[in-house]
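Everything below concerns the one structure shown next.
Residue numbers (our numbering): 60 to 141.
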């Protein structure tokens, strides 16, 4: 594990909540969206806490901040596509 325990970070918890909500939401989508919007939305939401967890393994806060920033960009991309 890195310098931070990512499972204790509120931002990681929020990302995991977003993943849970995304999976609930896509169950209501029509089947024809399965390989387009659903796939993209789930990949985007899962990448957010994944990037945060990966960032905590880096050696400096600068690196961690870069991974958090990347997660924020993924979040914005997901909102834009929905």
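All C-beta atoms in this analysis are idealised placements derived from N, C-alpha and C, irrespective of residue type, glycine included.
Being a predicted model, the structure only gives us computed values, none of them experimental.
Cβ neighbour criterion (16 or more within 10 Å) applied to residue i
| i | result |
| --- | --- |
| residue 115 | buried |
| residue 127 | buried |
| residue 108 | buried |
| residue 81 | buried |
| residue 118 | exposed |
Start-to-end residues for the alpha helix (DSSP H) that takes in residue i
| i | result |
| --- | --- |
| residue 79 | 69 to 85 |
| residue 113 | 98 to 114 |
Close Cβ partners of residue i (< 6 Å) along its chain, the five nearest in sequence each way excluded
| i | result |
| --- | --- |
| residue 105 | 78 |
| residue 112 | 65 |
| residue 97 | 85, 88 |
Cβ shell of residue i (< 7 Å), same chain only, five flanking positions each side left out
| i | result |
| --- | --- |
| residue 70 | 111, 127 |
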